[in-house]
Amino acid sequence: MKRTILWSLVAAGSILLNSCNKWLDLQPQDGITRAEFWKTKEDVHAALIGIYSSLNSGPVEQQLFTWGELRADLVGLTSYASDDNRLVKNYNILSTNVIADWSAVYTAINNCNLLIDYAGQAKQADPTFTDAEYNTDLGEALAVRSFLYFYLVRTFRDIPLKLKGTSKDTDIVSVGQSNADEVLKQIEKDLLQALDWVPEYHVSSTVYNAINAGRVTRPAVRAMLADVYLWMEQYDKVEEQTAKILETGRYRLMGVALPEIFDGGTMETIWELSHKNSRENFMYNLAAIARRPYTANVEILNNEIFPSNEGTDIDLFDSRGEGMLYGVSGDIRKYGTESPSYYNFQLYRISDVMLMRAEALAELGRGTEALALLEDLRSNRKAIKATDPNIEATDLEGIILFVFAERARELTFEGKRWFDLLRLAKKDNYANINVLVDLVTKVVDANVRQSAMNKVRDVDSHYLPILETELFKDKQLKQNPFYLK
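Using the UniProt record's numbering, the letters of the sequence shown map in sequence onto residues 1 to 485.
Quick look at the structure:
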């Protein structure tokens with residue numbers, strides 16, 4: 001019944017999704033979400049569902065995937081891919097490339113801002129709107145906004161940090177750009193506030209369903225914080241947040257990798273973009289059908305990520321490899337195998353938390369604990385000996401590389417690979433820049449490979465350009481200097 005109520009509000013919440021083609025596409029059409037809408041708690045709840053609906057719409061979900069995978073090594077392109085996709089894959093990116101279009105993400109951010117701005121008005125007008133309900137709605141909006149800004153700051157670096165909603169033309173104010181440190185500080189601040197406001201769970205601590213997994217909970221906020229702290233190289237805080245998630249006892253590995261994990265609402269999921277009883281998974285058409293633009297890079301996956309086993313165990317295979325996550329022809333199966341597909345888009349799973357924690361523990365000198373987490377995950381997934389480097393607990397750098405290799409196996413096609421490689425490369429003031437140089441040698445076409453290798457040594461190139469149309473609309477925006485050369 002509660003699931004029905006949740007998704008029946010999608011239609012009401014979707015009124016927040018319409019926007020004019022103005023600065024950053026932040027303002028909905030006049031008269032739709034003006035202040036007079038915010039009169040009751042039902043208005044605020046509908047707006048919150050509208051926020052979630054804007055996330056699992058095609059454009060936002062596609063950008064989460066492409067920004068996190070296209071420049072990396074596990075996703076390739078088919079003959080149906082666009083020229084813009086090919087230019088990004090070959091590190092020949094221009095400010096006219098639509099892959100750099102952030103408008104759908106900023107529209108979703110504006111939906112969050114409107115709720116944050118106007119929920120208090122509804123609280124004053126509706127005596128039945130309790131403090132707990134108000135704080136929950138506000139906390140979820142803060143968390144979703146933080147999640148979206150985290151994707152933007154890792155993709156573009158210096159970005160507009162818009163914290164006020166835009167509901168009519170007179171509200172439009174250019175805020176210029178904030179540098180990455182300023183954005184990350186705001187994200188941390190908002191997530192810590194959300195941590196106080198959102199509940200541990202929405203329905204029941206023992207029920208795995210669309211509501212608990214599809215809405216932000218306190219463990220989801222902790223997972224986001226851990227991710228942010230990992231990016232900021234604050235490993236003690238990563239350890240703290242991941243420990244609190246594990247201490248809940250609510251999330252567990254299901255054993256071998258099965259389609260049910262990605263179908264949604266399981267004991268492994270902390271937060272996902274839910275497609276159940278709402279709209280089809282947009283990613284299915286991009287990654288699974290015959291005329292898909294994106295494909296699994298089977299050569300790299302089969303040779304480096306999921307190689308054949310050794311010796312007497314040659315017939316054994318990792319449950320996450322070919323046949324489960326992807327097919328022999330390169331179809332990506334994490335987003336379903338039948339049309340229409342309602343598989344959910346996984347944002348944070350317990351395995352991700354385990355791997356973030358293992359990395360932090362290794363960075364903190366606690367190699368034995370890190371290896372224990374890796375062994376727990378690998379034994380559940382039936383990982384094979386060929387991918388076990390047999391590392392000593394004192395080899396902390398080796399353990400960290402082991403974690404990144406395991407992230408490639410566990411989180412394949414989930415919009416995380418490029419950010420993982422960039423995070424590894426930039427660690428300790430870009431001590432590992434060769435990670436990206438080596439990446440380019442594997443994924444870029446031979447005729448432009450040397451040029452791409454030269455480009456990737458410039459750290460500004462690691463972030464996408466601001467789209468030309470955005471620069472035209474807002475004269476305060478400044479282009480990434482790499483794209484001015």
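All C-beta atoms in this analysis are idealised placements derived from N, C-alpha and C, irrespective of residue type, glycine included.
Quick caveat, the model's predicted, so the values are computed rather than measured.
Inter-residue Cα distance where the pair is residue 478 and residue 163 = Stepping through the sequence shown from its first residue, residue 478 is reached at position 478. Stepping through the sequence shown from its first residue, residue 163 is reached at position 163. Cα-Cα distance, rounded: 19 Å.
Less than 8 Å between the CB atoms is what I'm expecting for residue 192 and residue 423, so what's the real figure, rounded?
-> As a first step, residue 192 must be located in the sequence shown, where it is residue number 192. As a first step, residue 423 must be located in the sequence shown, where it is residue number 423. Going by Cβ atoms, the distance from residue 192 to residue 423 rounds to 21 Å, so no, they are not a contact pair.
When DSSP labels each residue in this structure, what does residue 466 get in the three-state scheme?
-> Taking the first residue of the sequence shown as position 1, residue 466 is located at position 466. In the three-state scheme derived from DSSP, where H, G and I count as helix and E and B as strand, residue 466 is classed as coil.
With burial defined as no fewer than 16 other Cβ atoms inside 10 Å of the residue's Cβ, what is the status of residue 330: buried or exposed?
-> Position 330 of the sequence shown holds residue 330. That one is buried.
Taking 8 Å as the cut-off, does the CB of residue 230 come closer than this to any heavy atom belonging to the ligand MN?
-> Among the components modelled here there is no ligand, and therefore nothing to report on the ligand MN.
In terms of alpha-carbon separation, which member of 186, 132, 138, 117 lies closest to residue 150?
-> As a first step, residue 150 is located in the sequence shown; it is residue number 150 there, counting from the start. Measuring from the Cα of residue 150, the nearest candidate turns out to be 186.
Under three-state DSSP, which class holds residue 347?
-> On the sequence shown, position 347 is the one that residue 347 refers to. Judged by DSSP in its simplified three-state form, residue 347 adopts strand.
Look up residue 296 in the DSSP assignment and say whether it is helix, strand or coil.
-> By one-based count along the sequence shown, residue 296 stands at place 296. Correct three-state label for residue 296: strand.
State the Cα-Cα distance for the pair residue 300 and residue 321, rounded to the nearest angstrom.
-> In the sequence shown, residue 300 corresponds to position 300, counting from 1. In the sequence shown, residue 321 corresponds to position 321, counting from 1. Taking the straight line from one Cα to the other gives about 12 Å.
Run of the alpha helix (DSSP H) containing residue 247, from where it starts to where it stops = Position 247 of the sequence shown, counted from the first residue, corresponds to residue 247. Note, residue 247: alpha helix (DSSP H), 235-247.
Taking residue 74 as part of the alpha helix (DSSP H), name the residues at either end of that continuous run.
-> The count along the sequence shown starts at 1 and reaches residue 74 at position 74. It is not in any alpha helix (DSSP H) - residue 74 carries neither H nor E in the DSSP assignment.
Please report the Cβ distance between residue 77 and residue 295, rounded to the nearest whole angstrom; I am assuming they are in contact, meaning their Cβ atoms lie under 8 Å.
-> By 1-based counting over the sequence shown, the position of residue 77 is 77. By 1-based counting over the sequence shown, the position of residue 295 is 295. Yes, residue 77 and residue 295 are in contact; Cβ-Cβ is about 7 Å, under 8 Å.
To the nearest angstrom, report how far apart residue 160 and residue 182 are at their CA atoms.
-> Here residue 160 refers to the residue found at position 160 when the sequence shown is read from its first residue. Here residue 182 refers to the residue found at position 182 when the sequence shown is read from its first residue. Residue 160 and residue 182: Cα-Cα distance of roughly 11 Å.
What three-state label does DSSP hand residue 200 in the structure shown?
-> Position 200 of the sequence shown, counted from the first residue, corresponds to residue 200. The answer is coil: DSSP assigns residue 200 none of H, G, I, E or B.
Any beta-carbon of chain D closer than 9 Å to the one on residue 394?
-> Looking at the structure shown, chain D is missing, and only one protein chain is on hand.
Under 7 Å Cβ to Cβ from residue 184, same chain only, skipping five residues before and after it: list those, please.
-> By 1-based counting over the sequence shown, the position of residue 184 is 184. Once the five neighbours on either side are set aside, the close Cβ partners of residue 184 are 153, 228, 232.
Enumerate, from N- to C-terminal direction, the unbroken beta strand (DSSP E) stretches of 3 or more residues contained entirely within the stretch 155-195.
-> The stretch 155-195 contains no whole beta strand (DSSP E) run of 3 or more residues.
For residue 98, does the count of other Cβ atoms within 10 angstroms reach 16, so buried, or fall short, so exposed?
-> On the sequence shown, position 98 is the one that residue 98 refers to. Exposed is the call here.
Measure the C-alpha to C-alpha separation of residue 157 and residue 220 and round it to an integer number of angstroms.
-> Numbered from its first residue, the sequence shown carries residue 157 at position 157. Numbered from its first residue, the sequence shown carries residue 220 at position 220. Cα to Cα, residue 157 sits roughly 24 Å from residue 220.
Within the same chain, show all residues whose beta-carbon is closer than 6 Å to that of residue 222, passing over the 5 residues directly before and after it, in chain order.
-> Here residue 222 refers to the residue found at position 222 of the sequence shown. Excluding five sequence positions before and after residue 222, the CB atoms of its chain that fall closer than 6 Å to its own CB belong to 241, 244, 245, given in chain order.
Is it true that the CB of residue 137 sits closer than 9 Å to the CB of residue 115?
-> Against the sequence shown, residue 115 aligns to sequence position 115. Against the sequence shown, residue 137 aligns to sequence position 137. Yes. Within cutoff.
Rounded to a whole number of angstroms, what is the C-alpha to C-alpha distance between residue 308 and residue 382?
-> Here residue 308 refers to the residue found at position 308 of the sequence shown. Here residue 382 refers to the residue found at position 382 of the sequence shown. Linking residue 308 to residue 382 through their CA atoms gives a straight-line distance of about 13 Å.
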